[in-house]
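Residue numbers for the sequence shown follow this note's numbering, beginning at 23 and rising by one.
All C-beta atoms in this analysis are idealised placements derived from N, C-alpha and C, irrespective of residue type, glycine included.
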Amino acid sequence: MIQLQDYFRSRVSQAAYDLFAVFSRFEYAMKKGGFRRGENADAAWTKFANHLPADIFPRLRATSDVAIYFDAPPDRLVADTGEGVRWSGKPTTPTTMPELLDCIKIARNNLFHGDKRHDNRRDTELMVAALFVLNHIYESIEYDPKFDAFISEMEYGL
Numbered sequence: 023m024i025q026l027q028d029y030f031r032s033r034v035s036q037a038a039y040d041l042f043a044v045f046s047r048f049e050y051a052m053k054k055g056g057f058r059r060g061e062n063a064d065a066a067w068t069k070f071a072n073h074l075p076a077d078i079f080p081r082l083r084a085t086s087d088v089a090i091y092f093d094a095p096p097d098r099l100v101a102d103t104g105e106g107v108r109w110s111g112k113p114t115t116p117t118t119m120p121e122l123l124d125c126i127k128i129a130r131n132n133l134f135h136g137d138k139r140h141d142n143r144r145d146t147e148l149m150v151a152a153l154f155v156l157n158h159i160y161e162s163i164e165y166d167p168k169f170d171a172f173i174s175e176m177e178y179g180l
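What follows is the structure in structure tokens.
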């Protein structure tokens, strides 16, 4: 009998595993760093995005490293009329930092929770671009005092 991790290891890129680690740490650091949704222990991605320096989104929009999110953004799963899910057929091109981070969450969710056949090339492109965005954000706020709590949680174990 095949072990599930062995089955997925050959089907999911290293970039996807890297994104899983970085994305998870980002969410944890947001929760510990004051970017939570109300009293819940859920990461507040929109709140976080709205606190980022205003020049980050235009810089990301201008680089080819993130072009896939603007040229061919990921679609999201929506409930169908039965008990299943389907693709919305209406992927949204991001025009703001919160929307770009939402696209990254969609891509991550599609890969790790999604109901799709693996398109390893596209999945890898989305994951590499997402890692570029998250690393760019980290580098842009690393020395900004209003992100000290977030940064200290990101750096745990580094």
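Of the candidates Gly55, Asp64, Met119, Asp28, Met119 places its Cα closest to the Cα of Arg83.
Excluding the 5 residues flanking it on each side, Arg143 has no same chain C-beta neighbour closer than 8 Å.
Contact annotation, Asp97 with Trp109: C-beta distance approximately 5 Å; criterion of less than 8 Å satisfied. In the structure shown, Val88 adopts helical secondary structure according to DSSP, grouped into three states. Comparing C-alpha distances from Leu148 to each of Gly55, Ala89, Thr68 shows the shortest one belongs to Ala89. Val155 is bridged by DSSP to nothing; it lacks a bridge partner. Fewer than three Cβ pairs drawn from the segment 71-82 and the segment 42-52 lie within less than 8 Å of each other, which leaves the two stretches out of contact. Cβ neighbours of Trp67 within its own chain (closer than 6 Å, five residues either side excluded): Leu123. Between the alpha carbons of Arg58 and Lys69 lies a gap of roughly 8 Å. About 10 Å separates the Cβ atoms of Ala171 and Lys53, ruling out a contact at the 8 Å cut-off.
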